[in-house]
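Numbering (the numbering used here), first residue to last: 12 to 487.
Here's the structure we're looking at; comments come further down.
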């Protein structure tokens, strides 16, 4: 019993040292002499296992110093001493992540410096312990290494904020991501760089209606790119985290787990991805690498606006391309402009003849009342409903005031399948969806501001829907 307590105490001390170095990055704020005390403490509490822990911790700090030689030597010393005794100590540390963390770091480091033989050692150890995919063919590593993005994974494991010279590391990280994104396609690069003159030159002679980039029309790709720039690095990071979480969850297949454990696992993965991309600052660095530095964003948005106008002018049917948007719906250039609040592009598309009433599928919509009664219908996936669904109220106001005649038909158009009007949907989606008193007040103010705008565009307050008339919904 006493021996077990001592082992637990040692494990807790190791956890403290690990967190101090890997999470708090104390080596950046302390003198080298103070940092050495952490290593000495490791040797004191686990003399034998220190042959693994000390070089691993030193390897991490060496990477932070941009000291490749010592990083390499220490990672190799660590894996050479990864014994059963060390694995027992890690088991006492009450966290299953320490061993995968070490193996992922070592693998990413050696892949980054193109030392595939040593990278294999780290992967194989993980595979033998059931942590990584097992090589199932003679050419497993050859195929795996070809598709492995060593630059991206290196910075995931060693984000710029951990470095002593953070500015230099950030610059290198951005350079690496840019190299990874460079496809050698001059037309795509001109879009990604928002270089109008280069785009005009490289698009000479192409058919703007049929040309695709990454499966998207040039117009759709450019609108999407512009929207990403306008949304900024926070939205980019949030989306990146969600993508990574979704991919991780799909790989793990949590469906057999009880709901409480499934939710717990999901939250743990979400937290892990937040640490990786948000708290480390890596998400913003990737945004700067792939979309542009902060001081470039405004100019790139303007240039993409020029490129979009150039494409629209030379595209016969701007509604021809549509992509799957999930739930049996699609999105074309007009709907994308609406959902991202791009009024400049919205105006150009409508003037070009884009069909504002065309519904690219339908989405179910239901309202459950306090008494348990539920009323449902379907929502047309058309421009005005798209803007309301994505809370693009500035774009909605712009559309209703600038193109009131175009919007008039949708104000009262209903079918047995879609027994609702845009104004009723706005009310239900805001007022009736408010969860707090503050939200309700904001929604009430929003709806009151929109009422005269909708009426001027042709909305009827007494027109009945599956949910009642607007008058009834507002208690007028």
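C-beta: ideal position from N, C-alpha, C; glycine also.
Under the three-state reduction of DSSP output, residue 390 falls in the strand class. Shown here, residue 486 sits in coil according to DSSP, grouped into three states, outside any helix or strand. Separation of residue 323 and residue 239 (C-alpha to C-alpha, rounded to the nearest whole angstrom) is 19 angstroms.
Proximity of the region 429 to 442 to the region 374 to 390 meets the contact definition, three or more beta-carbon pairs being nearer than 8 angstroms. The DSSP-derived three-state label of residue 159 is coil.
Given a length threshold of 3 residues, each whole run of the beta strand (DSSP E) inside the region 337 to 367 is given here in chain order: 340 to 343. Within the model, the alpha-carbon separation for residue 181 versus residue 70 is close to 20 angstroms. In the three-state scheme derived from DSSP, where H, G and I count as helix and E and B as strand, residue 379 is classed as strand. Contact between residue 32 and residue 68 holds: their C-beta atoms lie close to 5 angstroms from each other, under 8 angstroms. The alpha-carbon separation between residue 477 and residue 308 amounts to approximately 45 angstroms. With a cutoff of 8 angstroms on beta-carbon distance, residue 237 and residue 353 are scored as near each other. Using a Cβ distance threshold of 8 angstroms, residue 368 and residue 420 count as a contacting pair. In this structure, residue 191 sits near residue 162, with a CB-CB distance shorter than 8 angstroms. Closest in C-alpha terms to residue 394, from the list 422, 378 and 376, comes 422.
Contact between residue 251 and residue 297 is confirmed by a C-beta separation of about 7 angstroms, below the 8 angstroms threshold. Setting aside the 5 residues that flank it on each side, residue 336 is surrounded in the same chain by 342, each with a C-beta closer than 6 angstroms to its C-beta; the list follows chain order. In the DSSP secondary-structure assignment, residue 373 is bridged to 391. Sequence-distant Cβ neighbours of residue 414 in its own chain, meaning closer than 7 angstroms and more than five residues away, are 361.
The secondary-structure analysis by DSSP pairs residue 224 across a beta bridge with 227. Three or more Cβ pairs drawn from the region 84 to 100 and the region 59 to 68 lie within less than 8 angstroms of each other, which places the two stretches in contact.
Here residue 346 really is in contact with residue 397; their C-beta atoms are around 5 angstroms apart, less than 8 angstroms. Comparing alpha-carbon positions, the option among 349, 440 and 53 lying closest to residue 21 turns out to be 53. The Cβ neighbour count for residue 377, taken over all protein chains shown within 10 Å, is under 16; the residue is labelled exposed. The residue among 400, 269, 380 and 175 with its C-alpha nearest the C-alpha of residue 349 is 400.
The alpha-carbon separation between residue 213 and residue 289 amounts to approximately 36 angstroms. Of the candidates 40, 480, 45 and 101, 101 places its Cα closest to the Cα of residue 24. Runs of beta strand (DSSP E) with 3 or more residues, each lying fully within the region 45 to 108, are absent. Our two residues, residue 199 and residue 45, have alpha carbons roughly 50 angstroms apart in a direct line. Annotated three-state conformation of residue 418 is helix, per DSSP.
Measuring C-alpha to C-alpha distances from residue 36 to each of 65, 72 and 276 identifies 72 as the nearest. Residue 429: not part of any alpha helix (DSSP H); DSSP gives it neither H nor E.
Residue 313 carries a helical assignment under DSSP once its states are collapsed to helix, strand and coil. It is roughly 27 angstroms from the alpha-carbon of residue 448 to the alpha-carbon of residue 249. For residue 406, the enclosing alpha helix (DSSP H) begins and ends at 404 to 413. Exposed is the label assigned to residue 211, since fewer than 16 other Cβ atoms lie within 10 Å of its Cβ. In the structure shown, residue 331 falls within a coil segment according to DSSP collapsed to helix, strand and coil.
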